[in-house]
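Heads up: the structure comes next, in structure tokens.
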């Protein structure tokens, strides 16, 4: 399976702290995307980083990509209780038309 | 409003009774896809479609069928559901295939008894 893996599986932090989650994948990619899912609901796209990019920002989100290590990280700064959700990375390989999702990180932000 | 809709949202059925979960998008996206989500396994792609009349298997296609007769619709068909297909199902669409973000539907929670 080319499915990625997120680390940690679960993360609990205080409001205002930063949250970092990591994603590792197995094959060469076209792009890597991060999604957020509130409990049992549909996924919402957060940010996309292409294979030729190393870092990308969107509001309080910062994503890095290291293609040599086949890994990415998502940093959420100044976390809020409303950030409580599961976060998934998804990769699109450069040789096909499929998406591969990781197993997710469950983030809890304590008010 | 740009959206992906799925119906039904919840379904309880019995083994062997054929069912269809509908998916429709109003964004004129070429790429559509079905996923199932199970605890500890994340999302796994069942089938995807690059455009009308073009469908391909994902990682877990066994027991499922799809069709893409119109650009906006991508139904998921379970000809003979079994308990191991009890899961949360998501439809998604995107413009330009895997090069861009996917838009997800709200999900269909299926229980097969």
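Residue numbers (the working numbering), protein chains in the order written: chain S, 4 to 114; chain V, 181 to 293.
C-beta: ideal position from N, C-alpha, C; glycine also.
{"Item": "Check the C-beta distance from residue 97 (chain S) over to residue 33 (chain S) and give it rounded, since I have them as a contact under 8 Å.", "Value": "4 Å"}
{"Item": "Exposed or buried, which one is residue 258 (chain V) when buried takes at least 16 other CB atoms within 10 Å?", "Value": "buried"}
{"Item": "Go ahead and label residue 60 (chain S) buried or exposed: buried means 16 or more other beta carbons lie within 10 angstroms of its beta carbon, across all protein chains shown.", "Value": "exposed"}
{"Item": "For chain S, find out if any of its Cβ atoms is closer than 8 Å to the Cβ of residue 196 (chain V); answer yes or no.", "Value": "no"}
{"Item": "Cβ of residue 41 (chain S) less than 8 Å from any chain V Cβ?", "Value": "no"}
{"Item": "Given that residue 83 (chain S) touches chain V, what residues does it touch there, using C-beta distances under 9 Å?", "Value": "Here the premise fails: no neighbours, minimum Cβ distance about 22 Å."}
{"Item": "Which chain V residues are close to residue 48 (chain S), counting only those with a beta carbon under 7 Å from its beta carbon?", "Value": "281 and 282"}
{"Item": "Please determine, among S:46, S:48, S:44 and S:74, the residue with the shortest C-alpha to C-alpha distance to residue 58 (chain S).", "Value": "S:74"}
{"Item": "Going by CA-CA distance only, name the one from V:201, V:278, V:194 and V:193 that's closest to residue 285 (chain V).", "Value": "V:201"}
{"Item": "How close, in whole Å, do the beta carbons of residue 262 (chain V) and residue 240 (chain V) come, if the pair is a contact with beta carbons under 8 Å?", "Value": "Contact doesn't hold; Cβ gap of about 13 Å is too wide."}
{"Item": "What does DSSP give as the partner residue(s) for residue 213 (chain V) in the beta ladder?", "Value": "V:228 and V:272"}
{"Item": "Mapping the DSSP letters down to three states, classify residue 186 (chain V) as helix, strand or coil.", "Value": "strand"}
{"Item": "Please identify, using Cβ separations under 8 Å, the residues of the stretch 228–250 of chain V that lie next to chain S, in order along the chain.", "Value": "228, 230, 236, 238 and 239"}
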